[in-house]
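**Student:** Residue numbers for the sequence shown follow the working numbering, beginning at 451 and rising by one. Submitted below is the structure of interest, expressed as structure tokens.
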Amino acid sequence: MPGPKHLSQFACAYRCQVDLYPSLVTIADSASAAIGVTDLAPFPDEAVRIRSRVASGLHGGLSFTYAHPETASSPRESFPWAASIVVVALPYLREGDGPSDRRSVARFADGDRYEGLRSLLATLALKISDDGYRAEVVFDDNRIIDRAVAIRAGVVWSGKSTMVLTPGAGPWILLGSVVTDAELVKTGQMRRTCGTCDACIPACPTDAIIAPGILDARRCISAVLQRRGVIDPGLRTAIGGRIYGCDECLTACPPGKQALASLERAGDGLRPEVVLSLSDGELEVLVEHWYIPSRRMRFVRRNALVALGNTGSEPSLALLERYLCDPDALLRCHAAWAVGRIAGSRAAEMCRAAYDTERDEEVRGELRAAIAASRRGGVYADDAQEERRPDSEENAR
Ligand code: B12
Ligand code: SF4
Ligand code: SF4
């Protein structure tokens with residue numbers, strides 16, 4: 451027979467099922483968000499997936515949930531006090547986001563799109579704690595795999611692009627959770643799938659979706675633009691004018707097309723010329739909400755140099771000439787590549803002049819490849835590794 455303690459627990463659980471969850475649904479509805487509930491049971495399939503991606507290199511050196519797969523896939527380890535995870539999926543498109551594949555900044559990072567998510571989660575957490583329960587807001591946090599909890603809570607379905615989708619907004623949603631000790635009824639999983647659609651797979655400019663639901667983060671532009679170091683030369687042309695993020699597999703996704711089509715299209719938010727002309731302090735303010743390794747603006751400028759190489763023309767050479775003399779070899783490398791892309795006799799001359807004084811072997815290799823590319827009208831030979839090699843000195847003549 452359950453003792454009085456058990457009875458009071460039961461009464462409490464009953465009260466929060468009846469009173470609390472409907473008010474959470476009302477809060478989510480008022481923000482046009484989808485909501486559901488799951489428990490803290492482990493996600494063994496996710497642990498296997500993450501471990502196998504790390505083992506095969508598909509994680510592309512990213513840390514996030516890949517750093518501690520066991521922790522990320524076992525929420526109870528991080529939240530031993532909790533009983534439920536309340537999960538929301540919040541649409542984030544806004545006016546100006548209309549169809550266009552030529553954006554320099556992906557929509558999720560064009561302005562602080564997480565503001566709405568933070569405020570919705572804070573309101574939900576406040577309601578839960580006002581009812582006497584503990585509540586902790588969690589999103590983009592390495593202790594929880596946002597997509598996995600959202601799938602299990604029935605808020606979304608899992609797409610072949612690896613994005614998760616809701617009816618209506620498609621992939622244009624951000625995910626977040628409130629972890630709580632309130633015992634809430636778990637909501638059931640969604641039965642939807644992508645069916646025969648596979649539009650996102652050929653739409654990816656770098657073939658990063660290597661099979662349904664499997665992403666090679668080494669090739670994903672969104673990941674490439676967030677990493678440290680030199681950008682793989684074989685991916686630079688496909689990056690196009692992008693400086694941060696990539697929306698191509700989302701734009702191609704039929705379930706999200708209506709949401710996109712209903713919006714006007716605004717001009718491009720951030721031009722590479724602007725990025726390359728600002729001081730660190732000025733740039734920092736513009737990109738405050740981006741993930742940038744160690745908050746070093748050199749990585750944003752590196753991306754802008756590639757974008758300018760792909761979108762610029764002869765007048766852009768004056769700005770690039772400054773970067774050929776930059777004290778940072780990383781920036782000189784990408785400036786050389788951009789000059790080679792723009793091509794023409796002035797571009798070749800600038801690279802030859804820089805080559806005469808350049809001492810860094812990696813930059814010298816880039817300059818050799820750039821000189822050869824500028825002769826071919828801005829076309830790099832595959833990844834131009836041959837031309838980058840020190841023994842191909844004749845390319846610089
Ligand atoms: C690391 C990370 C990245 C990495 C790696 C992404 C990846 N696919 O793994 C990079 C930098 C590339 C990235 C890019 C983007 N990201 Co991101 N990212 C994360 C982060 C921090 C962890 C993701 C993770 O754990 N991956 C591990 C692996 C195992 O998970 P997965 O590939 O997502 O696995 C899912 C599918 O593959 C699917 N699946 C597995 N097998 C199969 C098989 C089939 C047949 C099918 C159909 C599906 C399927 O199941 C898994 C769901 O559990 C989360 C935040 C968080 N803490 O969860 C945000 C998050 C996933 N990112 C988000 C966003 C918005 C993006 C971008 C759209 C941003 C942009 N515009 O540039 C792109 C989208 C690129 C893409 N196609 O995924 C959102 C996703 C929202 C959504 N609707 O899905 C999240 C949830 C952030 C948030 N709080 O909203 N991201
Ligand atoms: S975000 Fe871009 S690069 Fe990454 S998988 Fe989608 S389309 Fe490909
Ligand atoms: S484009 Fe098609 S296959 Fe890819 S995620 Fe969207 S619905 Fe699924």
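C-beta: ideal position from N, C-alpha, C; glycine also. The model shown is predicted, which means the values in this text are computed figures rather than measured ones.
(1) Nearer than 7 Å: is that true of the beta carbon of Ala757 relative to any heavy atom of ligand 2?
(2) In chain order, what residues of the same chain have a beta carbon less than 8 Å from the beta carbon of Ala779, not counting five sequence neighbours either side?
(3) Buried or exposed: which applies to Val614, given that a residue is buried once 16 or more other Cβ atoms fall within 10 Å of its Cβ?
(4) By the three-class DSSP mapping on this structure, what secondary structure does Lys455 have?
(5) If you draw a straight line from the C-alpha of Val674 to the C-alpha of Val587, how long is it?
(6) What does DSSP give as the partner residue(s) for Gly620 in the beta ladder?
(7) What residues in its chain sit with their C-beta under 6 Å from that of Gly604, if we drop five residues either side in the sequence?
(8) Alpha carbon to alpha carbon, how far is Gly453 from Asp591?
(9) My guess is that Leu508 and Ala667 are in contact by the Cβ rule of under 8 Å, so how many angstroms apart are they, rounded?
(10) Would the C-beta of Leu625 count as close to ligand 1, meaning under 7 Å from any of its heavy atoms?
(11) In the DSSP assignment, find the unbroken alpha helix (DSSP H) run with Leu736 in it and report its ends.
(12) Quick test of the definition: if touching needs 3 or more C-beta pairs under 8 Å, does the stretch 508–525 touch the stretch 555–564?
(13) Quick test of your reading: Ala481 and Trp622, contact by CB under 8 Å. State the CB separation rounded to the nearest angstrom.
(14) Using a threshold of 8 Å, state whether the C-beta atoms of Ile671 and Thr656 are closer than that.
(15) Using the beta-carbon count (16 or more within 10 Å), is Tyr773 buried or exposed?
(16) Go ahead and label Asp580 buried or exposed: buried means 16 or more other beta carbons lie within 10 angstroms of its beta carbon, across all protein chains shown.
(17) From which residue to which residue does the beta strand (DSSP E) around Leu540 run?
(18) Using 8 Å as the cut-off, can you tell me whether the stretch 821–828 makes contact with the stretch 789–800, which would need three or more C-beta pairs spanning the two stretches below that distance?
(19) In terms of alpha-carbon separation, which member of Glu565, Gly548 and Asp495 lies closest to His739?
(20) If you drop the 5 nearest sequence neighbours on each side, which residues of the same chain put their C-beta closer than 7 Å to that of Leu700?
(21) By the 10 Å Cβ neighbour count, where 16 or more other Cβ atoms means buried, how is Tyr805 classified, buried or exposed?
(22) Ligand 3 and Lys398: does the residue's C-beta get closer than 7 Å to at least one heavy atom of that ligand?
(23) Cys703 and Ala649: beta carbons closer than 8 Å?
(24) Does the beta carbon of Leu543 fall short of 7 Å from some heavy atom of ligand 1?
(25) What is the residue span of the alpha helix (DSSP H) that Ile821 lies within?
(26) Which word fits Pro519, buried or exposed, when buried means at least 16 other C-beta atoms lie within 10 angstroms of its C-beta?
(27) Out of curiosity, what's the CA-to-CA distance linking Ala533 and Leu490?
(28) Measuring only the C-alpha atoms, how far is Arg692 from Gly582?
(29) If distances are taken between C-alpha atoms only, which option among Val725, Ala823, Leu713 and Pro765 comes closest to Met747?
(30) Decide if Thr476 is buried, meaning its Cβ has at least 16 other Cβ atoms within 10 Å, or exposed.
(31) Could you pull out every residue in the same chain whose Cβ sits closer than 6 Å to the Cβ of Ser607, ignoring the five residues on either side in sequence?
**Tutor:** Let me lay it out:
(1) Flag unset: Cβ of Ala757 not near ligand 2.
(2) Counting only Cβ-Cβ distances below 8 Å, and skipping sequence neighbours, we find Asp810, Glu812 and Val813.
(3) Looking at its Cβ environment, which holds 16 or more other Cβ atoms inside 10 Å, Val614 is buried.
(4) With a pLDDT of only 43 at Lys455, under the threshold of 50, the placement of this residue in the model should not be trusted, and no figure is reported.
(5) When rounded, the distance between both Cα atoms is 29 Å.
(6) Answer is Thr616, bridged to Gly620.
(7) Apart from the 5 residues on each side of it in sequence, Gly604 sits with its Cβ closer than 6 Å to the Cβ of Gly486, Thr637, Gly638, Gln639 and Met640 in its chain, given in chain order.
(8) Because Gly453 carries a pLDDT of 37, less than 50, the predicted location of this residue cannot be relied on, and no value is offered for it.
(9) Leu508 to Ala667, Cβ: 6 Å. Contact.
(10) Taking 7 Å as the cut-off, one finds at least one heavy atom of ligand 1 near enough to the beta carbon of Leu625.
(11) It spans Asp730 to Leu736 - the alpha helix (DSSP H) in which Leu736 sits, taken as one unbroken run.
(12) With a cut-off of 8 Å, the stretch 555–564 and the stretch 508–525 do not count as touching, because too few Cβ pairs lie within range.
(13) Between the beta-carbon of Ala481 and that of Trp622 there is about 15 Å, and that puts the pair past the 8 Å contact cut.
(14) Annotated as proximal: Ile671 and Thr656, with beta-carbon spacing under 8 Å.
(15) Buried, because 16 or more other Cβ atoms sit within 10 Å of the Cβ of Tyr773.
(16) By the 10 Å Cβ count, Asp580 comes out exposed.
(17) According to the DSSP assignment, Leu540 belongs to the beta strand (DSSP E) that extends over Ser534 to Pro541.
(18) The stretch 821–828 vs the stretch 789–800: in contact.
(19) That would be Glu565, whose Cα lies nearest to the Cα of His739.
(20) Within its own chain, the residues whose Cβ lies closer than 7 Å to the Cβ of Leu700, once the five positions on either side in sequence are excluded, are Met613, Pro621, Trp622 and Gly706, listed in chain order.
(21) So Tyr805 ends up on the buried side.
(22) Absent from the model: residue 398. The displayed extent of the chain is 451 to 847, so no value can be given.
(23) In contact: Cys703 and Ala649 (Cβ atoms closer than 8 Å).
(24) No, Cβ of Leu543 sits at least 7 Å from all heavy atoms of ligand 1.
(25) Element bounds for Ile821: Glu811 to Arg825.
(26) Under a 10 Å Cβ-count criterion, Pro519 is classified as buried, with 16 or more other Cβ atoms of the shown protein chains found around its own Cβ.
(27) About 7 Å.
(28) Approximately 47 Å, taken between the alpha carbons.
(29) Here the closest residue by C-alpha is Val725.
(30) In summary, Thr476 is exposed, with fewer than 16 beta-carbon neighbours lying within 10 Å of its beta-carbon over all protein chains present.
(31) In the sequence as presented, Ser is not what sits at residue 607; that position holds Trp. Same-chain partners within the cutoff: Leu615, Met640 and Arg642.
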